[in-house]
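Each number in our numbering corresponds to the 1-based position in the sequence shown with 204 added. Beta carbons: idealized from backbone N, C-alpha and C, even for Gly. The block underneath contains the structure these notes are about, expressed in structure tokens.
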Amino acid sequence: MSKMESERLFVKTLTKTLKRTLCEEINENDKGLEFNLKGWVMHYRDHGSLIFIDLRDYSGTIQIVFDETISPQSFKTAKKIRNEFVVSVLGVVRIRPSGTENPHLKTGKIEIEARSVELLNDCETLPFQIEEEKEAGVNELMRLKYRYLDLRRKKLKENIIFRSNFTFSIRNFLQKKGFFDIETPFLTKSTPEGSRDFLVPSRLNIGSFYALPQSPQLFKQILMVSGFERYYQIVRCFRDEDLRADRQPEFTQLDMEMSFVNKDDILSLTEELLSGVFGELLNIKLNLPFPRLNYDDAMDTYGSDKPDTRFEMTLKKLSHIFVNSSFNLFKDTITGGGEVKGICLKTGSNLLSRKDIDELVSFAKEFGAKGLAWTKVGENKTFDGGISKFISIGERSNLINELNAENGDMIFYQADLKRIANAVLGKLRVHLAKKFNLIPKSKFNFLWVVNFPLFEYSEEEKKIVSVHHPFTSPKLSDIDILISDPLKARSESYDFVLNGEEIGGGSIRIHKKELQEQIFKILKITPENARLKFGFLLDALSFGAPPHGGIAFGIDRILMLLRNENSIRDVIAFPKTQKAYCPLTDTPSKIESMQLREVGISLLKK
Ligand code: ASP
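This is the structure we're talking about:
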């Protein structure tokens, strides 16, 4: 079913039940027919003996005319109408007089000649105007406080309807593939997905707490032990994060798990799912399979494990050019085990002012760089500015070849530990591409990143931590080095990336209790602690757990990208602010001391 068809179907069903017609169901062919329309008054224009209103319902808008000479009674009532009043109009379709058509409106060729009107409700003075063009000036706190008005706006309304069609299409696909939609608890135990938990005190068990799930991870694995084999859920997850960038404390995942599958089964099933949904809702044909990139290659080439491949400017290894360099900074880095790498910004010499370059240096430092070396490329392989004077003629020509550089380009260098050089240039690459609009807007570049390390060393926690979560299976070939060289072990996990955003990820899981215990040990979780936190999982694994694996997709983020929005708040009906605050309901808010006492809590004095 195409998007149009599914919308159409919805319109018809609704109309039948509501015994009224929606604005955009009517067209020129209905000339002379009478309809009952109900909705909100978007615009109101009084032209003496004629009053025009644009009526809005969820389908769209239509123009209604009140003519004093045709229906004096409804004209009189219409005099009282103001913006956003709710009205019910009975009227006849007529073709608009030539020259007064509105080509921007689906119903722009027609209008409704009102015969009677009923005012169903009035409306206070609006805190902001609803029309699209006015949005830019409205502060987001205001929009969220009056979210019900904000959601009347065309763009938001279409986003939310798209979201509904999107999840419907997913459910449809998965149902046909034999998946079961199974709910898992919200009041539960902590699931380690790398964030802080939201806690809920228990009144019936004073001093004990539930945690809201960071994901249904452990329950979906347990469902596999129960034999459901194919599970999915479109489910809310809760993570108490510092809301940097564009995150929400509660967000929605498409969560899936399957038994008796390998990694490739999961990747190809989800590819089929996404290409189906894309075809149906956006009429876009995706080329399958999506590229699979090794983690190491992604880091080396793009400096990121969620590479944006819509534009070039890839990271190049330059160490071989500088091994014998007279530029000590580069040479010593290489001798000390580090690397020199670079990126080339096409026509960069003209794009960047001195001030811009200074800003880029500060930008690089934010991500751990000691500095940011650069050179401009001139005519006949000449270099200019930055560290040019340290670079020999031979090195220049090698650099030009390696980076495909031309007159007018600009090269940026990092000499550091490989990890830092990659991370800094990776961030810089995306920053420059955004700054100079080098990213094609209409492209959807999907890819998988595979062969992740199983563990990484956390400087913050001063210990080894899981790159994904502790239930991820190591590659069978790496089981032997788990103890001797854990940081070298690779995992059976995969991340799904769209246009430089990680929008999904999952893994083949550990299904043997002994291996799971071994992983906890490497993570320095004592057997007592493992029992306390994950005893139920370890028990389940010991009762015939099948091999299994799964994945979860961030629905909000995918929708944001598909709808070309800059914030996930624009695809969520009731989002919270960056400070996890809901202006509509004024939440979080203080509660009565009585309620605290009931759950055995007293607040610390500040
Ligand atoms: N539970 C994981 C997450 O929320 C996804 C998965 O491994 O299926 O990121």
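The alpha helix (DSSP H) that contains S670, what's its start and end?
No alpha helix (DSSP H) holds S670; the beta strand (DSSP E) holding it covers K667 to S670.
C-alpha distance - K310 paired with L447, whole-angstrom precision:
So the two alpha carbons sit approximately 40 angstroms from each other.
Assuming G572 and V628 are in contact, meaning their beta carbons sit under 8 angstroms apart, how far apart are those beta carbons, in whole angstroms?
About 6 angstroms separates the two Cβ atoms, so the contact holds.
Using three-state DSSP, classify C227 as helix, strand or coil.
Residue state, collapsed to three classes: helix.
Neighbourhood of D326 by C-beta, 6 angstroms cutoff - its chain only, sequence neighbours within 5 removed
So the qualifying residues of the chain are F289.
Work out the CA separation of G507 and I591 for me, nearest whole Å.
So the two alpha carbons sit approximately 23 angstroms from each other.
Cβ-Cβ distance between Y499 and F656 below 7 angstroms:
Yes, Cβ-Cβ distance for Y499 and F656 is below 7 angstroms.
Determine whether the beta carbon atoms of L226 and N369 lie at a separation below 7 angstroms.
No; because the gap between Cβ atoms is not below 7 angstroms, this pair is not in contact.
If we count the other Cβ atoms within 10 Å of its Cβ and call it buried at 16 or more, is E661 buried or exposed?
It should be pointed out that residue 661 corresponds to Tyr in this sequence rather than to Glu. Per the 10 Å Cβ criterion, exposed.
For R440, which three-state DSSP category applies?
Collapsing the DSSP output to three states places R440 in a strand.
Which complete beta strand (DSSP E) runs does the segment 298 to 361 hold, if anything under 3 residues is left out?
314 to 325, all fully within the segment 298 to 361.
Output yes or no for whether 7 angstroms exceeds the beta carbon distance between Q837 and P779.
Examination of residue 837 is not possible in this model, given that the chain is present from 205 through 810 alone.
Other residues of its chain near T388: CB distance less than 6 angstroms, five sequence neighbours each side excluded:
Contacts found: P420 and F423.
The beta strand (DSSP E) spanning N733 covers which residue range?
For N733, no beta strand (DSSP E) encloses it; the enclosing alpha helix (DSSP H) starts and ends at P731 to L745.
Out of curiosity, what's the CA-to-CA distance linking G739 and K692?
Near 28 angstroms, if we compare the C-alpha coordinates of K692 and G739.
Under 7 angstroms between C-beta atoms of A282 and V321
For A282 and V321, yes; Cβs fall inside 7 angstroms.
Quick check on DSSP: helix, strand or coil for G264?
It is a strand residue.
Using a 10 Å radius around the Cβ and a threshold of 16 neighbouring Cβ atoms, would you call D790 buried or exposed?
Answer is exposed; the Cβ neighbour count stays below 16.
Could you check whether the Cβ of G753 sits closer than 6 angstroms to any heavy atom belonging to ligand 1?
Result no, Cβ not under 6 angstroms from ligand 1.
Have a look at the DSSP bridge pairing and note the partners of S472.
Residue pairing by DSSP places S472 in no beta bridge whatsoever.
With G708 and H672 assumed to form a contact (beta carbons below 8 angstroms), what rounded beta-carbon distance in angstroms separates them?
No, G708 and H672 are not in contact; Cβ-Cβ is about 12 angstroms, not under 8 angstroms.
Comparing the CB of E445 with every heavy atom of ligand 1, is any distance shorter than 6 angstroms?
No, the beta carbon of E445 sits no closer than 6 angstroms to any heavy atom of ligand 1.
Got a sec? Which residues, its chain only, sit under 6 angstroms from S746 by beta carbon, not counting five neighbours each side?
Excluding sequence neighbours, S746 sits near K717.
Contact check, D760 vs T474, beta carbons under 7 angstroms
In terms of Cβ geometry, D760 and T474 do not form a close pair [threshold 7 angstroms].
If I measure Cβ to Cβ from V803 and keep anything under 6 angstroms in the same chain, skipping five residues before and after, which residues do I get?
P405 and R407.
Within 10 angstroms of its Cβ, does N703 collect 16 or more other Cβ (buried), or is it exposed?
By the Cβ neighbour-count rule, N703 is buried, with 16 or more other Cβ atoms within 10 Å of its own.
Taking the beta strand (DSSP E) that H752 falls in, what are its first and last residues?
It spans H752 to G758 - the beta strand (DSSP E) in which H752 sits, taken as one unbroken run.
Got a sec: does ligand 1 put a non-hydrogen atom nearer than 6 angstroms to the Cβ of S419?
Indeed, a heavy atom of ligand 1 lies less than 6 angstroms from the Cβ.
For L630 and L519, I'd like the C-alpha separation in whole angstroms.
Here the sequence assigns Gly to residue 630, which means Leu is not the residue at that position. Rounded to whole angstroms, the separation of the alpha carbons of L519 and G630 is 7 angstroms.
Distance cut-off 6 angstroms: G709 Cβ against heavy atoms of ligand 1
Yes, ligand 1 has a heavy atom inside 6 angstroms of this Cβ.
Assuming D613 contacts L549 (C-beta within less than 8 angstroms), just tell me the rounded distance between them.
Rounded, the Cβ-Cβ distance is 6 angstroms, consistent with contact.
Check whether the Cβ atoms of S394 and D401 lie closer than 7 angstroms to each other.
The answer is yes: Cβ separation under 7 angstroms.
Would the segment 586 to 603 count as touching the segment 631 to 641 if we require 3 or more Cβ pairs under 8 angstroms?
With the cut-off at 8 angstroms, the segment 586 to 603 and the segment 631 to 641 do not touch.
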